[in-house]
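These notes concern the structure reproduced below.
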Amino acid sequence: MSDLSSVTNAKADDNDFSNVGRAPWWRRGFFASQTAYVATALVVIMVVMSLLSPAFLSSGNLANVAKNFSFVGIVTLGVTLVIVTGGIDLSVGSTMALSAIICAIVMQAVNGTVLDSIPLAGMLLSLGAGLGVALLIGLANGFLIARVGLSPFVTTLGMLSIVRGLAYAVTEGRGQAPTGPDVDLFYAITDGNLGGIPVAIIYLLVLAVIVGVVLHHTAFGRHIFALGGNERAAALTGIAVERVKVAVYVLCALSAGFAGILMVGWLGSAPANLATGYELTIIAAAVIGGANLTGGVGGPAGAVIGALLIEVIRNGLVLAGINAYWQIVLVGCIIILAVLVDRLRTMRMTP
């Protein structure tokens, strides 16, 4: 019996099929994702830029790149959440502007009042007002899309116009500068440096980690992916579809409001045309980073890398002295190329 058992075990070992059909490491996990391809392209482009222009790797230029891409990257994190559910938000640029404007106006309004005698009161109230406006915009988008059943594209396109119009109406086209006893602290937390690193990029990285944990290690994150995969099936499993949808639009709007407030510190003012046209760049960053507009795919790493890639290319065009209008053309080309590459990759990996 012992001889028969050993023979049987030997045959079982010889017929071990655990590796059959297993793809090589470069076609699994992160390495098979669009994010990996974009990250590789980013490294190559940065090397080429540094060879073509010595100014590219200068500390001043790298600081500008870090700040510029951080604002877009923060909002891209929020937009990625919406895209993963199969939605879209075209109102983020206008939300950035109105939140920034309201924050600056409230700082002006409380200046010289009794709140000046309370440390940080005026600044905290202003920050709360700016983010509160973003919260209301997100709630409006989420309610109309999730509860009323309107198209995300049409709803947020209409909200883009409404919010941008309010930004011009409130300011009459004039920029609003923050004032008050806490204005220096406001500039420090929005446009300062921590250990030589711009605070904007620190905020971006912290938020990216939080979004990553939420998406991949919480029930809420699983619900977001479930909506993008199959909304009807998600509802049948007991997921509160409307609640999740409203939540992602609120988070998206809050990310836009936060980035808009940071831009006030960077610019020293909140113009009515702040972040005009940013919608295209932000959605492009999300798509380039691997977020699928049909839903179900996306993550914070791709959002950050996509935003950085666009800014590196934009910065390279500036250093090369190329007309800024060509940047818009290039962004559109990059979007189409990213979608095409993802489509070809998917076709190649499909058995």
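Following my numbering from start to finish, the sequence shown increments by one per residue and tops out at 443. No residue lacks a Cβ here, since even glycine has one placed at the ideal position from N, Cα and C. The model shown is predicted, which means the values in this text are computed figures rather than measured ones.
Item to check | Supposed close pair ALA345, ILE229 - CB separation, criterion 8 Å | outcome: 5 Å
Checklist entry - To which residues of the same chain is LEU299 closer than 7 Å at the C-beta, ignoring the five residues directly before and after it? => result ILE166 and LEU169
Checklist entry - Nearest to GLY234 by CA position, among LYS337, GLY388 and ASN415, is which residue? => result LYS337
Checklist entry - Since GLN268 sits in a beta bridge, which residues does DSSP pair it with? => result ALA362
Next on the checklist: Quick check: the Cα distance between ILE426 and LEU411, rounded to an integer number of angstroms?
Outcome noted: 19 Å
Next on the checklist: Counting C-beta neighbours from all protein chains within 10 Å, is the total for PHE245 16 or more, i.e. buried, or is it exposed?
Outcome noted: exposed
Checklist entry - To the nearest angstrom, how far is it from the Cα of THR263 to the Cα of TYR129? => result 44 Å
Checklist entry - Does the beta-carbon of ILE210 have 16 or more other beta-carbons within 10 angstroms, so that it is buried, or is it exposed? => result exposed
Item to check | Closest by C-alpha distance to VAL340, when choosing among PRO146, GLU323, VAL240 and GLY179 | outcome: GLY179
Next on the checklist: Across the stretch 188-197 and the stretch 267-281, are there enough close Cβ pairs to call them in contact, namely three or more that are closer than 8 Å?
Outcome noted: yes
Next on the checklist: Can you check whether the C-beta of ILE293 is within less than 8 Å of a C-beta belonging to chain B?
Outcome noted: Note that chain B does not occur in the displayed structure, where there is just one protein chain.
Next on the checklist: With a threshold of 8 Å, are at least 3 pairs of Cβ atoms found where one atom belongs to the stretch 320-338 and the other to the stretch 148-168?
Outcome noted: no
Checklist entry - Which class does PRO290 belong to by DSSP, given the choice of helix, strand or coil? => result strand
Item to check | Beta-bridge pairing of ASN285 - partner residues as DSSP gives them | outcome: PRO290
Checklist entry - Do GLU403 and GLY185 have their C-beta atoms within less than 8 Å of each other? => result no
Item to check | Which listed residue (ASN415, GLY349 and GLY382) has its alpha carbon closest to that of GLY222 | outcome: GLY349
Checklist entry - What three-state label does DSSP hand LEU182 in the structure shown? => result coil
Checklist entry - Excluding the five sequence neighbours on either side, which residues of its own chain have a C-beta within less than 6 Å of the C-beta of ASP208, listed in chain order? => result PRO273
Item to check | Where ALA399 falls, given that 16 or more other Cβ within 10 Å makes a residue buried | outcome: buried
Checklist entry - What residue from GLY313, PHE278 and GLY288 has the CA that sits closest to VAL174's CA? => result GLY313
Item to check | VAL381 versus MET141 - alpha carbon distance | outcome: The sequence given here places Gly at residue 381; Val does not occur at that position. Answer to the nearest angstrom: the Cα atoms are 20 Å apart.
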